[in-house]
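One structure is given here, and the rest of the page talks about it.
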Amino acid sequence: MKKVCKSYVKVRYQETDQMKIVYHANYLVWFEIGRTEFIQEQGMSYSELEQHGLLLPVLEANCTYRKPAKYEDELTVLTSVQELKGARLTFHYQVVKDGEILAEGFTRHAFTTPELRPVNLRSAMPDLYQKLAEVVE
């Protein structure tokens, strides 16, 4: 069953340009907020992953911009798991204002050791793997 995590962001002045439109790179920051909260909702924080010797570096990031977000907009970041393989994980995101999608994208990650060697999550942390597998689109 697909699980969607909702995160809330209010656009700060520092995230905008002179026209008070959000600078494009900030959407990736908001994706990270959604991803962090999604993992936390599965019962484990990023820091706990690291304590277990796992990192989750970004392999690829993509964002499609549909309409601009502006200063003081109240946004919702919808985050879900799009794909889970043994050593890889892909998140999908939508940035929404008043029910309208302003931007959407994905980030693809690898589970690795601190030395950046791939780790099969199914073997390393079967409980977390099972929780994530249950919420894949």
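Using UniProt numbering, read the sequence shown as starting at 1 and increasing by one per residue. For every residue, glycine included, the Cβ atom is placed at its ideal position computed from N, Cα and C.
Item	Value
Local conformation of Y93 per DSSP, three classes	strand
Between the CA atoms of L89 and L59 - distance to the nearest angstrom	10 Å
Coil, strand or helix - N62 by DSSP	strand
Spatially closest choice to V96 from T64, Q51 and D17, by CA coordinates	T64
Same chain, Cβ closer than 6 Å to E74, five either side skipped, listed in chain order	K10
Beta-bridge partners of Y8, as assigned by DSSP	T76
Exposed unless 16 or more other CB atoms sit within 10 angstroms - verdict on H24	exposed
Inter-residue spacing [alpha-carbon to alpha-carbon] between K85 and P118	12 Å
Supposed contact pair K20 and F71 - C-beta distance, whole angstroms, cut 8 Å	The question names Phe, but residue 71 in the sequence shown is Tyr. Contact flag correct, Cβ pair sits at about 4 Å.
8 Å Cβ shell around I33 - same chain, five flanking residues per side excluded	S7, V9 and V77
Outcome for L102 when other beta-carbon atoms lying within 10 angstroms are tallied against a minimum of 16	buried
Reduced DSSP category for V22 - H, G, I as helix; E, B as strand; rest coil	strand
Beta-carbon proximity of A87 to N62, cut-off 8 Å	no
Candidates K3, R108 and E100: closest to E37 by CA position	K3
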